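Below is one structure, written out as structure tokens; comments come after it.
Protein chains: 4
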Amino acid sequence: MKKEVYYSEYLKLESILQAQELESVKNQHPAHDEMLFIVTHQTLELWMKQIHFEIDSILQEFAKPYLPDATLSVIHHRLQRIVEIQKLMTSHFTVLETMTPLDFLDFRDDLIPASGFQSLQFKQLECKLGIYQRHQSSTKAYSQQSLHKEDQSRIDENTMTLFQGVQTWLERNPFLESKEYQFESSYKNALDLMFEKEKTLIQNHPFLDDEQRKKETVNVELMKDKFKDLFESENGDATQGKLSRKALLSALFINLYRDYPMIHTPFQVLRSLIELDQMHVAWKHKHLSMVRKMIGLKMGTGGSSGQKYLSESIEASSIFSDLVSLPSYLVSRQNIPVLPESISKQLGFRWV
Amino acid sequence: MKKEVYYSEYLKLESILQAQELESVKNQHPAHDEMLFIVTHQTLELWMKQIHFEIDSILQEFAKPYLPDATLSVIHHRLQRIVEIQKLMTSHFTVLETMTPLDFLDFRDDLIPASGFQSLQFKQLECKLGIYQRHQSSTKAYSQQSLHKEDQSRIDENTMTLFQGVQTWLERNPFLESKEYQFESSYKNALDLMFEKEKTLIQNHPFLDDEQRKKETVNVELMKDKFKDLFESENGDATQGKLSRKALLSALFINLYRDYPMIHTPFQVLRSLIELDQMHVAWKHKHLSMVRKMIGLKMGTGGSSGQKYLSESIEASSIFSDLVSLPSYLVSRQNIPVLPESISKQLGFRWV
Amino acid sequence: MKKEVYYSEYLKLESILQAQELESVKNQHPAHDEMLFIVTHQTLELWMKQIHFEIDSILQEFAKPYLPDATLSVIHHRLQRIVEIQKLMTSHFTVLETMTPLDFLDFRDDLIPASGFQSLQFKQLECKLGIYQRHQSSTKAYSQQSLHKEDQSRIDENTMTLFQGVQTWLERNPFLESKEYQFESSYKNALDLMFEKEKTLIQNHPFLDDEQRKKETVNVELMKDKFKDLFESENGDATQGKLSRKALLSALFINLYRDYPMIHTPFQVLRSLIELDQMHVAWKHKHLSMVRKMIGLKMGTGGSSGQKYLSESIEASSIFSDLVSLPSYLVSRQNIPVLPESISKQLGFRWV
Amino acid sequence: MKKEVYYSEYLKLESILQAQELESVKNQHPAHDEMLFIVTHQTLELWMKQIHFEIDSILQEFAKPYLPDATLSVIHHRLQRIVEIQKLMTSHFTVLETMTPLDFLDFRDDLIPASGFQSLQFKQLECKLGIYQRHQSSTKAYSQQSLHKEDQSRIDENTMTLFQGVQTWLERNPFLESKEYQFESSYKNALDLMFEKEKTLIQNHPFLDDEQRKKETVNVELMKDKFKDLFESENGDATQGKLSRKALLSALFINLYRDYPMIHTPFQVLRSLIELDQMHVAWKHKHLSMVRKMIGLKMGTGGSSGQKYLSESIEASSIFSDLVSLPSYLVSRQNIPVLPESISKQLGFRWV
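Residue numbers (the numbering used here), protein chains in the order written: chain A, 8 to 359; chain B, 8 to 359; chain C, 8 to 359; chain D, 8 to 359.
Below you can see the structure in the form of structure tokens.
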């Protein structure tokens, strides 16, 4: 017969609540705040495990050839959960910051050479999101750096990433092209109108002098060029965080026609991905600002000028920068091309 | 030679990250959300361990015969840390609530008869704060309820509580009485004036009819009576959450004369205690509201009508209700009795 | 020609930023914290205006005979916005609480007899949500209380409420009944099975003694009875916050079959309504706890024992208590009755 | 006789609640979300007014020749209030972001050429904090940019700034030097020891190869040089955000000896200043990230490539970067030089 479930056994509290061994105690000069340091990192690692668990389940669905709406809805739900976890993780710093720099110095030397750079789960996570892929040459080293041998082998930079999963799903959009209809050309026209309108705005803007007018006009031309690239580069480039042309067109389509029932959930998924992206960057910002407060310019316990690395890597940490920049290419509602009935009908419910 | 510290070994991640064993998996119908359920409870337990750690260190200081300002300042700092942890714990529900009632039903039956009522650390915590003491007869049962034998013996209702520590510290205030000065009688006069002023306000209030006037006047008399009790009951009553007369007078003194350097830290300590108190109540409220959303009127997995108990116990969960009610007895600044110089001088810095 | 838009004119900052006139200044004893008091209340009033604006737009849609999915989606979006505003409003207290009770006493008497009970927008809001309707006899007085004549006439308790709008929309659900299918009877069977299962759980629960077993069994019977009421009372009772039988069945249907594309948005709307409801209650809780901290047992500036009223009215402030209690009546996924194909097909997209 | 105070008159709600005039309505194509846009900006402006009010009161105290502890304590309290307001202001974006880019496009063109760059209060605030002073040549233009003539004259870059107030206060520290004691030389020795210890850590760090070792050693030398600058530049440079030598030494002293009663409040003031500083930067980050989401690369309504300016100015927005970088120069507790009794005694209370 099955054993009765008991709270503390179910949660394995015995091992969890006894996993706090202070180095400062071992080294015989107990530092009170080391306990907080350990508990904060342990809870953060637990939450990272949960994020891995959710992303794995999402990747599994993205890998399938077909995504029914109910499943997409579950994916959206899980992405939202990840975002909530990210927010929670970010608020951990508020607690950790009740430790002052002097308090930290009480045990900082005891930790050397351990460091947050050795968090396997964090490296695996950035890998799974698709961040490392982006600069494969330069980050190979980083993703391995500071890790013990057996941990190094646990980072597999060749598995499917969230970036790839999303791209593949977007590319499957069947509504971009039909005999009678081409989303691409139809939207290009709308966009050309928008660019013209922007130029007129600039010409008539009362605060701009001639130089600024020129600068802003050049800016519009740059946007046009950038948009062209969207159409001309076929395959995207995961190593640059660049989605394929078809995936981007699909994302644009979803942004514009989100009011159709069938586009509703895809639009929510895109919104969640952007939130997840921004929360990841925000987390790293907040982390850096805490490290700065804590050690100033000193060397990190792991032996590198942690701050410098952190600060440089943050900018490269946006996963879906292409999605984030889409608003540049939105035309206002009244200028969105009307879909042909053959397509608009398919995007609705069977019931009327 | 000392072994090199390695992040994952330091944090004992191996045992922590493998401590998630889903009952639904054991019972061969995997429920995705059980992982979130486990991780949330594990992190909450880790944070409770941290709160215990901080409170233990605080109680140790309160137990000493003398508290230098530097130590009091550390106590304040740690109380603030606890408050931040409580806020963090409360936001855990936002994450847990991404699990819908239907999701929970997928594994609810697997957990029976385990339940949150079996959290030893939570029971120990309420005990240490001084909450159980308050209704010793009725809660004896509760503090033991649902626990395995060996856990029952781990709850010691006779150790020093935060309530007692604070009371003892407050009672030590040496400035309440001297040959020439009696805080009590001096403040009583100020207060009598305030009560008279309140009555005048009521008499002249344009919105009150005769009945309301009578009611509000009775209310003032009640406040007066309540305040009298403060002065007349000598020893307080821990089982009622009632501080001793001297401790309360001391708290009042601190509230009024907080601007003196020497009273600065004590005042901050009192503020933190009230925050801690209110966050504890808020946590239980939030917990109840989550349980309601999750199971409605169904029986809790632990076998009791959880909601009913929770809802009843929340009101009794305020630890420092006496401190919380002090604002009723504050007179406005211009009416605070001036301290005799013999005392006010002592409350300042040596340096001028 | 149209005048150029200028930031400060557009926002009418001149009048807004000069609308802070301190009574304590008029009465010639300036109290620093009165400025914070005024600004906090002014921003709260601005946010209430925004909530009114959103709810009005929602009510307008609910009043129409037909709600296309795109509109429902907009409603969901606006409800979520209201929830975010409610959260923001709740955090205003954190700022206001940087004012201590002594600080408040510096100008409290200057405000008499003004008080928060005179907030017309708040009374109109509770009216619009459907809260006053609920106890029409007793609250008539309250909704008018403390207001000047011209303001009293601005509260119209007869306009459509959010409660009514939601009920009417829910009742329109066309999928509850067809020739071959009756949701009500089909679900009743599933539910009876659940109740039987609950009883078995209780019988076998290892922690329950005979008395508890009896109590919990009675509890199940009560749930059964309550559920019966759902089916037997036809019209609901707005004055009791009770939805009509058909509306509740519809809400249950939506909770169970939310994975169908067509039910997706309705389910999200229900979730948002519950959030809005709980945030409203949470706001009042937080408000009460702040008032307690600030004045203790003293009379409110408006002349009534504010706390007592507040505390009593909070419990009655849940608008959609029927929706909140629905989880009691959810069966687990594997026990949800399968929909006949004639219906399930209609709930999907046209495209496959 | 004084007129009775009435809530809506007291708060001037009539003018405040009627100050929302939608341009899209004037231009006859009502855009629902413009109301949210207006209300958000109006509440933000109200909160800025409150911050001005608090800072003005703080500057007034800093301008006085002597700051008693009670006043310093009030300053600390008001700084904390500002920080809470900043946090609240930052959460306004969460509400504003419920407006999607398409929603914004519905009325974006109506606003041209108005823009947030025209917020007089914001420019005055950055001026008052001491940010513009820093790059006087380059920002002169900016602080005036986009403003109407009469507003331009309202920005006075010559008034006392918070930066100056803090510096003057810090410089007044009387404990840095006496006949028998020199904080500067005493601390320099402690620091040299620390730098040596850092070098040893680097030499023995197991993860560093020779190149990294060299790099990190150079880093220590850089810190030493930087610290020397602290001692050698006498007057600081407000235009570079650089505190004077004496002010910085004083801040260091406060960080090290904060446990002495008399240093307690000064230390809390420094902590609040850093928080205020970081929240200001965080606010601008969050603002930028919202603008990015909303308009992508398009021109801001005010006619400039808003994003570029914003992004560049954020880095220069730290007011107290010198204070923020102090942790680099903290030695651990056991290495802090012991104060001579003549000084340590003065830092305590009169009472023992």
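From the three backbone atoms N, C-alpha and C, an ideal C-beta is built for every residue, glycine too.
Note that the structure is a prediction, hence the values are computed from the model and not measured.
- Query: Taking the DSSP output, what are the residues bridged to Leu356/C?
  - Reply: The displayed chain sequence assigns Phe, not Leu, to residue 356/C. Answer is Phe356/A.
- Message: Any beta carbon from chain D within less than 8 Å of Trp54/C's own beta carbon?
- Response: yes
- Report the residues of the stretch 256 to 272 of chain A with a CB closer than 9 Å to any CB of chain C, ordered along the chain. Arg265, Asp266, Tyr267, Pro268, Met269, His271 and Thr272
- Glu118/A versus Phe202/D - alpha carbon distance: Reading off the sequence shown, one finds Leu at residue 118/A, where the question assumed Glu. Spanning the two alpha carbons is a distance of roughly 18 Å.
- Task: Below 8 Å on the Cβ atoms is my guess for Asn262/A versus Leu337/A; work out the distance and round it to an integer in Å.
- Result: 6 Å
- Message: Run through the DSSP bridge pairs and tell me what Gln189/D is partnered with.
- Response: Glu184/D
- Message: So, at 7 Å on beta carbons, what are the nonlocal neighbours of Arg85/D in its own chain, with the 5 sequence-adjacent residues on each side left out?
- Response: Glu61, Ser64 and Ile65
- Message: Looking at Leu20/D: is its Cβ nearer than 8 Å to the Cβ of Glu52/C?
- Response: yes
- Integer-rounded CB distance, given that Glu223/C should sit under 8 Å from Leu215/C: 7 Å
- May I ask you to verify whether the stretch 95 to 114 of chain B touches the stretch 78 to 95 of chain A, counting CB pairs closer than 8 Å and requiring at least 3? yes
- Message: Could you pull the DSSP bridge partners for Asp244/C from this structure?
- Response: Lys249/C
- Query: What distance in whole Å lies between the Cβ atoms of Glu282/B and Val90/B, which are believed to be in contact at a cut-off of 8 Å?
  - Reply: 5 Å
- Closer than 8 Å, CB to CB, is Ser126/A near chain D or not? no
- Query: Is the number of C-beta pairs between the stretch 165 to 179 of chain C and the stretch 194 to 208 of chain C that are closer than 8 Å three or more?
  - Reply: no
- Please report the residue range of the alpha helix (DSSP H) in which Arg278/C lies. Pro268 to Ile302
- Query: From which residue to which residue does the alpha helix (DSSP H) around Tyr14/B run?
  - Reply: Tyr14 to Tyr17
- For the putative contact between Gln49/D and Ala70/D, defined by C-beta atoms under 8 Å, what is the C-beta separation to the nearest angstrom? About 32 Å separates the two Cβ atoms, so there is no contact after all.
- Is the number of C-beta pairs between the stretch 22 to 38 of chain B and the stretch 299 to 308 of chain A that are closer than 8 Å three or more? no
- Message: Applying the 10 Å Cβ sphere with the 16-neighbour rule, what's the burial state of Lys186/B?
- Response: exposed
- Query: In or out: His288/D buried (at least 16 other Cβ within 10 Å) or exposed?
  - Reply: At residue 288/D the sequence reads Val, which differs from the His that was named. Under this definition Val288/D is a buried residue.
- Return the CA-CA distance between Ser144/A and Ile138/A, expressed in angstroms with no decimal places. Caution is warranted here: a pLDDT of 46 is assigned to Ser144/A, below 50, making its placement in the model unreliable, and no coordinate value can be reported.
- Could you spell out the range, first to last residue, of the alpha helix (DSSP H) harbouring His48/B? Glu41 to Phe69
- Query: How many Å lie between Glu205/D and Ser193/D at the Cα?
  - Reply: 19 Å
- Leaving aside the five residues before and after Phe190/B along the sequence, list all residues of the same chain whose C-beta is less than 6 Å from its C-beta, in chain order. Leu183 and Phe260
- Would you verify that the beta carbon of Ser7/A is, or is not, closer than 8 Å to some beta carbon of chain D? Residue numbering for chain A in the displayed model covers 8 to 359; residue 7/A lies beyond these limits and cannot be assessed.
- Round the Cβ separation of Arg357/D and Gln275/B to the nearest angstrom and send it over; I've been treating them as touching at under 8 Å. Rounded, the Cβ-Cβ distance is 20 Å, inconsistent with contact.
- Cβ of Arg88/B within 8 Å of any chain A Cβ: yes
- Message: Within a Cβ cutoff of 8 Å, which residues of the same chain sit near Gly248/B, ignoring the five residues on either side of it in sequence?
- Response: Gly137, Arg141, Phe170, Ser325, Ile326, Phe327, Ser328 and Asp329
- Item | Whole-angstrom distance between Thr47/D and Lys156/D, CA atom to CA atom | 26 Å
- Query: Going along chain B, which residues have a C-beta under 7 Å from Pro60/A?
  - Reply: Going by the sequence as given, residue 60/A is Phe instead of Pro. In chain order: Met42.
- Message: Which residue marks the beginning of the alpha helix (DSSP H) containing Met96/C, and which one marks its end?
- Response: Asp76 to Leu103
- Item | chain D contact for Phe190/B (CB, 8 Å cutoff) | no
- Hey, Thr308/D and Arg88/D: beta-carbon distance below 8 Å or not? no
- Would you say Ser257/B and Leu177/B are within 8 Å of each other, going by their C-beta atoms? yes
- Straight-line gap, Asp158/D to Tyr14/C (C-alpha atoms, nearest Å): 11 Å
- Item | Beta carbon of Pro268/D nearer than 8 Å to that of Pro72/B | no
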